[in-house]
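With my numbering, the residue at position 61 of the sequence shown is 139, and numbering never jumps.
Ideal Cβ positions, reconstructed from N, Cα and C, are used throughout, including at glycine.
Remember, predicted model here, so these are calculated numbers, not experimental data.
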Amino acid sequence: MNNRLTFIQITNEIANYLNVIAEVGSKGFDCSEKSLEIIDQWGNSGATPVETLATLRAELDNCQRCNLWQNRKTIVFGDGNPHARLVFIGEAPGMDEDRQGQPFVGTAGQLLTRIIHAMTLKRNDVYICNILKCRPPQNRNPLPGEIDTCSPFLKRQIKAIRPDYICTLGAFASQTILQTDRPISQLRGRFFDYEGILVMPTYHPAFLLRNPGKKRAVWEDIQKLMGALEIKK
Ligand code: SF4
């Protein structure tokens, strides 16, 4: 008799469990990736990410995961609105950023600030960060190993912010986010998808300082972003 009762209880529990799975959108207990994702979200209200920029920054701590820590003065994590609809992603901090601990504050950063103002936005309306959080010596290009080591933090930053749009600045940021080796000249000017976020690659402001003739192309790309964000000119 006891065995029968236990059997009925277990059967009821399984039935309830399957009902809950159905209610939250799973087609069944099929161990599919989608169902496992749904189960993973239980207890997480299904919406708000547990990880915030603050917890992520705390985890990064005094990072020594790649060799760039040896020459940096400051980790340049990122700056701006933690709930921004638009995130700008560059390559790596330069000398001014390394000193001040803020992204895009040097000459190229001032140009980016002018672009943001031309969009009728303020820096605090957007979020600005880089693929690498530490300055490469002599501002050399990031090495593949450095990008592989540091970019997971960038991807988690994006997840924490959950923007609608990303503007990748230059080849390294665009290629890293879009997982491609195509040149920036072929990527810029149209939207790509990154995990449900629309990505507009464009030239890096530092490249614009050396090639002012490309400003027009960047402004065209930025206007497409403004149109998508429904910013009136
Ligand atoms: S670049 Fe990134 S991974 Fe390398 S030390 Fe700095 S924070 Fe750490």
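Rounded straight-line distance, which links the Cα of residue j to that of residue i
i      : j      : result
Asp157 : Glu137 : 17 Å
Gln178 : Pro279 : 26 Å
Thr254 : Ser229 : 8 Å
Asp299 : Thr227 : 30 Å
Gln188 : Asp174 : 11 Å
Cys141 : Arg192 : 32 Å
Ile309 : Thr198 : 8 Å
Trp297 : Tyr272 : 22 Å
Ile239 : Arg201 : 15 Å
Leu190 : Glu129 : 28 Å
Outcome for residue i when other beta-carbon atoms lying within 10 angstroms are tallied against a minimum of 16
i      : result
Ala196 : exposed
Pro290 : exposed
Lys237 : exposed
Pro261 : exposed
His282 : buried
Pro160 : exposed
Gln257 : exposed
Pro222 : exposed
Gln216 : exposed
Arg218 : exposed
Gln148 : exposed
Same chain, Cβ closer than 7 Å to residue i, neighbours up to 5 away in sequence not counted
i      : result
Ala170 : Asn208, Ile209, Leu210, Arg213, Pro214 and Pro220
Gln235 : Leu131, Leu134, Gly156 and Cys207
Ala249 : Pro261 and Ile262
Thr246 : Ile167, Ser252, Ile255, Val277 and Pro279
Chain-order list of residues whose beta-carbon lies under 8 Å from that of residue i (same chain, five-residue window excluded)
i      : result
Tyr243 : Arg163, Leu164, Val165, Ile275, Leu276, Val277, Met278, Leu303, Ala306 and Leu307
Glu224 : Cys144, Asn145, Leu146, Leu210 and Pro214
Asp176 : Arg150, Lys151, Thr152, Val154, Cys212 and Arg213
Lys292 : Tyr281, Phe285 and Leu286
Asp241 : Per the sequence shown, residue 241 should be read as Pro rather than Asp. So the list reads Ala162, Arg163, Leu164, Val165, Tyr205 and Ile275, once near-sequence residues are dropped.
Thr126 : Low confidence applies here, because Thr126 scores a pLDDT of 48, under 50, leaving its location unreliable; read the following figure in that light. Within the same chain, Thr126 has no close Cβ partners at all.
Three-way DSSP call (helix, strand, coil) for residue i in this model
i      : result
Asp176 : helix
Asp299 : helix
Ser123 : Reliability fails at Ser123, whose pLDDT of 46 lies under 50, so the model's placement of it is uncertain and the value that follows must be treated cautiously. If DSSP states are grouped into helix, strand and coil, Ser123 belongs with coil.
Gly187 : helix
Leu247 : strand
Ile153 : coil
Cys228 : helix
Ile239 : helix
Asn219 : coil
Gly291 : helix
Lys112 : A caution first: Lys112 carries a pLDDT of 48, below 50, which makes its placement in the model too unreliable to give a value.
Closer than 8 Å to chain B by CB, residue i
i      : result
Met173 : The structure shown contains no chain B; it holds only a single protein chain.
Inter-residue CB distance, residue i and residue j (contact presumed, cutoff 8 Å)
i      : j      : result
Leu287 : Ala186 : 6 Å
Ala295 : Gly267 : 7 Å
Ile194 : Val183 : 13 Å between Cβ atoms; not a contact.
Gly324 : Ala251 : Nothing can be reported for residue 324: it is not among the residues displayed for the chain, which extend from 79 to 311.
Residues near residue i by beta carbon distance below 6 Å, same chain, minus five either side
i      : result
Gly121 : In this prediction, Gly121 scores a pLDDT of 44, lower than 50, which makes its location untrustworthy; no coordinate-derived value is stated.
Phe270 : Leu256 and Val277
Distance cut-off 7 Å: residue i Cβ against heavy atoms of the ligand GDP
i      : result
Glu169 : The model depicted lacks the ligand GDP and carries the ligand SF4 instead.
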